[in-house]
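Yeah, the sequence shown ends on 311 if you go by my numbering, and it's all consecutive.
Yeah, the Cβ is synthetic: ideal placement off N, Cα and C, and Gly gets one too.
Notes for the one structure printed next.
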Amino acid sequence: DADDQDQYSQPGHTHSAASSTDIPQDQGSEQLAQNLASVLSASDDDVPDNVFEAAKQLLGSQPVNSYDENVHMPVAMDPDLNPAIGNALMNKVLGNSGKIRASLQGLVQSSRCDRPVNKRSGNRIDGRRLSRLSQGDSRVFKRRSHKQAPNTAIHLLVDGSTSMADRAPNNPNHSLIELAMESAMALALALEGISGVNPAVTRFPYNDTGNVVPLLKHSQKVRLNAPKFAPIVSGGTPLHTALWYAASSVLATREERKIIMVLTDGQPDDLDLTKAIIKRCEATGIELVGVGVCFDTSHLFDRSICINDVSELRSEMFRISRDLLLAA
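Given below as structure tokens:
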């Protein structure tokens, strides 16, 4: 795998980080969310020691456990830009994912359309239902029902560990990370086209650290950030720190519903830490979904899928996103 690792190695680069000011214990979640929104774009020099405590408050008043002292809030590192790769990937995604993207957007949008329902009172009678009166069914008045927009922030975490440089089974011309980047961009493009959905994509780790690499932050546009979606791998699988970053990001958004989707091909570096942080996220109302690439994530996430045929990665990620949004 040496050739693969050389091909996908990541040089050091600059950064942005995670927090800003002292946060009193009695400060509300709204203020904490505003603070985190600003700290996610701060520089490394701006980061005080209490960032982790601020995030911990946002993730609910859970009892401190023995794992907390070992977790450090990750720094969000600036990705290396590769316009050639990013634009080529964008063109490929636009060409190959158009139908499935339109299908996802159409299904979600149509689920929100006003549809007639029959009620027992109202101003408009549904003539087709009058015969039901003789059967004791008084629901003959027609009303329009309206379903709200999804109002959902979705954060996709993409495993960029060295094992993701492996050739994809049944698709030896591409590595797992290449397919993951293509799927992530395609999904983000589809989601940003749906009213009420706010996507983000983060790759982890940065080099052999617990830091992360945001490729698309919430409220940003995919096309402008395409050069960040290069298929780069490095390090292990510090999922626990990546989850802290993703949780802080979704909690800082205005959307009512918060979802983190994790795309990974292997066991996290620290299973106990990962499980502890997953519990914190769930207790705060964040929904988590595991997408395993030839790897079962059901021991981590209550909602998960395992994709053994990587050629189905993109379509399966679209399917689970559709199911999540239609259930909103």
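Helix, strand or coil for I303? Go by DSSP, reduced to three states.
helix
Leaving aside the five residues before and after S359 along the sequence, list all residues of the same chain whose C-beta is less than 6 Å from its C-beta, in chain order.
The question about residue 359 has no answer here: the residues shown for the chain are numbered -16 through 311.
Quick one: Cα of Q8 to Cα of L271, how far?
Residue confidence for Q8 is low, a pLDDT of 41 falling below 50, so the modelled location carries little weight and cannot support an answer.
I288 in three-state terms, based on DSSP:
Looking at I288 - three-state DSSP - the assignment turns out to be strand.
Between S304 and the rest of its own chain, which residues show a CB-CB distance below 8 Å, the 5 nearest in sequence each way excluded?
L87, I137, L170, A173, L174 and M244
Quick check on the burial criterion: 16 or more other C-beta atoms within 10 angstroms. Buried or exposed for P133?
buried
Among Q92, S80, N74 and I68, which has the Cα closest to the Cα of L309?
The residue with the shortest Cα to Cα distance from L309 is Q92.
Would DSSP call R84 helix, strand or coil?
helix
Is DSSP giving V196 helix, strand or coil here?
strand
Which residue comes first and which comes last in the alpha helix (DSSP H) that contains L256?
L254 to A266
Give the DSSP-derived three-state secondary structure of S217 in the structure shown.
coil
Alpha-carbon to alpha-carbon, S281 and I242:
17 Å
Nearest CA to the CA of Q250: which residue from A183, L199, R237 and T145?
Looking at the Cα atoms, T145 is the closest of the given residues.
Pull up the CB-CB distance for S287 and G273, whole angstroms please, since I reckon it's below 8 Å.
4 Å
F212 and G78 look like a contact to me (Cβ under 8 Å); what is the Cβ gap, rounded to whole Å?
Contact doesn't hold; Cβ gap of about 16 Å is too wide.
Rounding to the nearest angstrom, what Cα-Cα distance links L265 and T135 in this structure?
The amino acid at residue 265 is misidentified as Leu; the sequence shows Glu. Rounded to whole angstroms, E265 to T135 spans 16 Å at the Cα level.
G268 versus E238, L198, G275 and C289, residue with shortest Cα-Cα distance
Distances from the CA of G268 to each of E238, L198, G275 and C289 were compared; the closest alpha carbon is that of E238.
Please confirm whether M164 and V195 have their CB atoms less than 9 Å apart.
no
Given a threshold of 16 other Cβ atoms within 10 Å of its Cβ, counted over all protein chains shown, does N358 qualify as buried or as exposed?
Residue 358 lies beyond the range of the chain shown here (-16 to 311); nothing can be said about it.
Between A183 and Q203, is the Cβ-Cβ spacing less than 9 Å?
yes
State the CB to CB distance for the pair I261 and L226, rounded to an integer number of angstroms; the pair is presumed to be in contact (CB under 8 Å).
7 Å
Is the beta carbon of L159 less than 9 Å from the beta carbon of A151?
yes
So, with DSSP's three-state summary, where would you put K75?
In this structure, K75 counts as helix in the three-state DSSP scheme.
The alpha helix (DSSP H) enclosing S146, as first and last residue numbers:
Looking at the DSSP string, S146 is not in any alpha helix (DSSP H), and its letter there is neither H nor E.
Rounded to a whole number of angstroms, what is the C-alpha to C-alpha distance between S210 and M56?
Note that residue 210 corresponds to Pro in the displayed sequence, not to Ser. Taking the straight line from one Cα to the other gives about 26 Å.
First and last residue of the beta strand (DSSP E) that includes M244?
R240 to T247
Hey, would you say S232 sits closer than 9 Å to T185, going by beta carbons?
yes
Ordered along the chain, which non-local residues of its own chain (more than five positions away) have a Cβ less than 8 Å from that of N154?
L162, V293 and S294
Considering S232, what are the terminal residues of the alpha helix (DSSP H) in which it resides?
L222 to L234
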